[in-house]
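Novice: Chains A and B, in that order, give the protein sequences. First residue of the first sequence? That's 85 in this note's numbering, and the numbers climb one at a time after it. First residue of the second sequence? That's 85 in this note's numbering, and the numbers climb one at a time after it. Here a beta-carbon is modelled for each residue, glycine too, at the ideal position from N, C-alpha and C. What follows is a structure written as structure tokens; I'll ask about it next.
Number of protein chains: 2
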Amino acid sequence: MKIIAVDPFYLKMPQITDTADGTQDTLVVRIQTDEGITGWGECDASPLVSLAAYCCPMSHGNIINIRESLIGETFDSVDDVIRLHNKALRNGLDIQQIHHAYSGADIALWDIVGQKLGEPIYRLLEPQSQSHSKLPYASVLFGDTPEETYQIATRLRDQGYRAAKFGWGPMGKFSEENDVALVRAAREGMGEDAQIMIDAGVVWGDDYETAYARTKQFAQFSPTWLEEPLAPDAIEAYMELSKRNPPVPIAAGEGSGTYRMAEDLILHGGIQFVQIDVGRIGGITAAFRVRQLAEQHGIQYVNHTFKSHLILAASLHVFATNESFDLLEYPAEGSELSQRLTVERLEVGSDGKVGLTGKPGLGVHVDTDAMGAYLAPVQIQVGNEIVFKPVEL
Amino acid sequence: MKIIAVDPFYLKMPQITDTADGTQDTLVVRIQTDEGITGWGECDASPLVSLAAYCCPMSHGNIINIRESLIGETFDSVDDVIRLHNKALRNGLDIQQIHHAYSGADIALWDIVGQKLGEPIYRLLEPQSQSHSKLPYASVLFGDTPEETYQIATRLRDQGYRAAKFGWGPMGKFSEENDVALVRAAREGMGEDAQIMIDAGVVWGDDYETAYARTKQFAQFSPTWLEEPLAPDAIEAYMELSKRNPPVPIAAGEGSGTYRMAEDLILHGGIQFVQIDVGRIGGITAAFRVRQLAEQHGIQYVNHTFKSHLILAASLHVFATNESFDLLEYPAEGSELSQRLTVERLEVGSDGKVGLTGKPGLGVHVDTDAMGAYLAPVQIQVGNEIVFKPVEL
């Protein structure tokens, strides 16, 4: 089949705030083929900057936009999806945003080839494989105080969550005693049989000594991991932390905008959990390579997801077939936009786990009627040329 | 003083081709202050995608555009320039393009603080220092054939160049014999006493064995370096190449869009020359950190520059004070746009070297009259809001 249209849509809530809530807007990508099959993808990135990578005028042979790379291409197989991934990234070698932007197109192409071949994506990634449901962990912010954190944790426990991640907020901002009290409150609120994770929100920068000291204090509460104690680029500091054998496993990787960034963390950062956002790293194609690298190095792959169930499904296909990768970051709350984007939702089952729908492709479908309410049509003019204009949903 | 305006201008030639000529368009950034001092910077990146990072609507606390980060800020010192660099990159943590885009703003801020303090930028980076002129190497594309390459090389020699880099085009696309013939032609055309450099233009991907084989063939022509034999992300392949002790030094780094990418190459890629584009890595602030890292590791820092003399001056300030870093990539040809952008040009002196003008700030000034002919006014509308519109030069 032939690609006849590649259309990014900018969706947003009426009001956007500066809180750490990634569901307030999104860029959704639709790809249409001459056989009538349509695929959808989603990016976790600035919608406008990513959209520009779909339509920017050519600068030279290393700055060619994504539409130019894809429209008119023939594709029918998994090999073609990978070929087009390589082509688009090569054509966009000098567009820094290319991986963030291409993520949506890559997910849409996997969706199409899955529909064409009548297979869910995970089975295209690993033929004859089975998918495994995952234990969803609720991802929430710490309360402002230990008491508030305790209240949040008990609420999550009452909602049935057996795992929860607490992050950002006051963590690392005040005393060691306060940090410890926050983690104690999370543990006591969730109960002894739950999994708790701590997300330090890059608060200690490159100060690995403080990060190490905290792991020694936090170990008494048996958290599954301490996430992003250090800045995303502080790989050398991660290695120093790792050399001290911290008694709590270290997790990081959501900022990986390229395969190499994840590889760098795994090879030189000494982490135990690698957290990949399929909407940032270049889509399913790049994320699956990181999963394979994690398997080779005996560390655990986990998704990073803070958007809709469209990207949640894409994230899950990447590692659904590895039973030992058993945790799923699960966007439990989030904006109305993110809740309404898909017709199907990946709900928590009676066994407390979350699985795929089993349908071909992504297995979830975009609700184009619902999308209309959030659509922010974009028009871009460069000189005398309109390089991007709104298209119909 | 206070920042009152931050304006990126998209400039382009009437016709753009897919050749590896980065001078066909550009993004120039003007910053104005309430004290009447104006600074200029330039990005080596997709103009439209970078411009979008100046005006994209906020998505959350990690996607805030560059104008929002800078306008209204007070600054008077070098510390302020660094503070604003950190602020803009932190606000744009989830905008992958942020480093490419911020490069122009960072250069403009250094230009302003230099003018304010009456000092050239290199002396702000290293107080009481002296700048040293560099040996310029002409940077040209290989001819399509060895014969054409020989003609180009003799022409450069006749123009007085004592060093020249030949790159891209047919290199690596055909046989080993052809590759060798191209390098031989470059050497014979430039003469035995000249320095020649070979730029393979990432043609061998992650195939370090072929890259190593070429260094053994090319060594007979004593090139100063073999540049980018491998893909920018193929750091593990660079390390494998390095372990084989190739008989030609390896250069890389122009693709470094972050400080960490350059650090990764230096620590884990085993290169001998690190080539930094001040218009991609986040400006003078980030490039200077790489220069310091190169000094610590005993490798040579070289600029990567394929734009106008505005960015050439910015590049040179970064390492002008280190006499042993003695080579300067010099855009000898390039579009009319790139030639006409600045009033002053950093011409080759009678000693065959290129130095700074000694004037405060960048020491070169933009020719706004000349710019007008190449201006492509940009207008961007998102929903009902015009987020970017043309401003007067």
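With 8 angstroms as the threshold, decide whether the Cβ of CYS127 of chain A is near any Cβ in chain B.
Specialist: no
Novice: Give every residue of the same chain whose Cβ lies closer than 6 angstroms to the Cβ of ARG271 of chain A, excluding the five residues on either side of it in the sequence, and list them in chain order.
Specialist: If we look at ARG271 of chain A and ignore the five residues flanking it on each side, its Cβ neighbours are ILE280, PHE305.
Novice: For TYR343 of chain B, decide whether its Cβ has a neighbour in chain A, counting only Cβ atoms nearer than 8 angstroms.
Specialist: yes
Novice: Cβ closer than 7 angstroms: which chain A residues qualify as neighbours of MET142 of chain B?
Specialist: ILE100, ASP102
Novice: Could you check where the alpha helix (DSSP H) with TRP194 of chain A kicks off and where it finishes?
Specialist: 182-201
Novice: How about the stretch 104-120 of chain B and the stretch 104-117 of chain A: do they share at least three Cβ pairs that are nearer than 8 angstroms?
Specialist: no
Novice: Does any residue of chain A bring its CB to less than 8 angstroms from the CB of VAL475 of chain B?
Specialist: no
Novice: Using a cut-off of 7 angstroms between C-beta atoms, extract the partners of TYR94 of chain A located in chain B.
Specialist: The contacting residues are VAL466.
Novice: In angstroms, rounded to a whole number, what distance separates the CA positions of GLY106 of chain B and PHE390 of chain B?
Specialist: 6 angstroms
Novice: Per DSSP, which residues does HIS144 of chain B bridge with? Please list them.
Specialist: B:ILE147
Novice: Look at HIS393 of chain B and LEU421 of chain B and say whether their C-beta atoms are less than 8 angstroms apart.
Specialist: no
Novice: Nearest-angstrom Cα distance between LEU377 of chain A and MET323 of chain A?
Specialist: 18 angstroms
Novice: Can you grab the Cα-Cα spacing for the pair ILE88 of chain B / VAL471 of chain A, in whole Å?
Specialist: 30 angstroms
Novice: Tell me which same chain residues have a C-beta within less than 7 angstroms of the C-beta of LEU177 of chain A, skipping the five on either side of it?
Specialist: Setting aside the 5 residues that flank it on each side, LEU177 of chain A is surrounded in the same chain by ASN146, each with a C-beta closer than 7 angstroms to its C-beta; the list follows chain order.
Novice: Let me confirm a value: ALA457 of chain B is counted as buried when at least 16 other C-beta atoms fall within 10 Å, else exposed. Which label applies?
Specialist: exposed
Novice: To the nearest angstrom, how far is it from the Cα of TYR221 of chain B to the Cα of VAL386 of chain B?
Specialist: 11 angstroms
Novice: Report the CB separation of LEU314 of chain A from GLY339 of chain A in whole angstroms; it is logged as a contact under 8 angstroms.
Specialist: LEU314 of chain A to GLY339 of chain A, Cβ: 11 angstroms. No contact.
Novice: Taking Cβ to Cβ, would you say ALA335 of chain A is nearer than 8 angstroms to GLU311 of chain A?
Specialist: Yes, they are a contact pair.
Novice: Would you kindly work out how many angstroms separate the C-alpha atoms of TYR292 of chain B and ALA321 of chain B, rounded to a whole number?
Specialist: Cα-Cα distance, rounded: 6 angstroms.
Novice: Near GLY120 of chain A, which residues of its chain fall below 6 angstroms by C-beta distance, leaving aside the five closest residues on each side in sequence?
Specialist: none
Novice: What do you get for SER259 of chain A, buried or exposed, if any count of 16 or more other CB atoms within 10 angstroms of its CB means buried?
Specialist: Only exposed fits SER259 of chain A, as fewer than 16 other CB atoms lie within 10 angstroms of its CB.
Novice: Is there a Cβ of chain B sitting closer than 8 angstroms to that of GLY145 of chain A, yes or no?
Specialist: yes
Novice: Report yes if the CB atom of TYR414 of chain B is closer than 8 angstroms to the CB atom of ALA370 of chain B, and no otherwise.
Specialist: Not closer than 8 angstroms, so no.
Novice: Which bits of chain B does LEU201 of chain A rub up against, with CB to CB less than 7 angstroms?
Specialist: Near LEU201 of chain A there are no residues of chain B at all, since even the closest Cβ is about 28 angstroms away, more than 7 angstroms.
Novice: Which of the residues in the stretch 180-191 of chain B, read from start to end, lie with their CB under 9 angstroms from any CB of chain A?
Specialist: GLN180, GLN181, ILE182, HIS183, HIS184, ALA185
Novice: Any Cβ of chain B within less than 8 angstroms of the Cβ of ASP317 of chain A?
Specialist: yes
Novice: PRO204 of chain B bridges to which residues according to DSSP?
Specialist: B:GLY445
Novice: So, does the CB of PRO461 of chain A fall closer than 8 angstroms to a CB anywhere in chain E?
Specialist: Chain labels in this structure do not include chain E; the protein chains are A and B.
Novice: With H, G and I counted as helix, E and B as strand and the rest as coil, what does DSSP make of PRO220 of chain A?
Specialist: Note: PRO220 of chain A maps to strand in three-state DSSP.
Novice: Hey, does ALA136 of chain A have any beta-carbon neighbour from chain B nearer than 8 angstroms?
Specialist: yes
Novice: Distance, Cα to Cα, LEU446 of chain A vs ASP453 of chain B?
Specialist: 54 angstroms
Novice: With a threshold of 8 angstroms between beta-carbons, can VAL374 of chain B be considered close to chain A, or not?
Specialist: no
Novice: Counting contacts by CB-CB distance shorter than 8 angstroms, is LEU310 of chain B in contact with chain A?
Specialist: no
Novice: Consider the Cβ of LEU208 of chain A: report whether some Cβ of chain B lies at a distance smaller than 8 angstroms.
Specialist: So, not an interface residue.
Novice: Is it right to say ASN329 of chain A is buried, meaning 16 or more other beta carbons lie within 10 angstroms of its own, or is it exposed?
Specialist: exposed
Novice: Less than 8 angstroms between the C-beta atoms of PRO307 of chain A and VAL332 of chain A, yes or no?
Specialist: With respect to VAL332 of chain A, PRO307 of chain A sits close: the two C-beta atoms are nearer than 8 angstroms.
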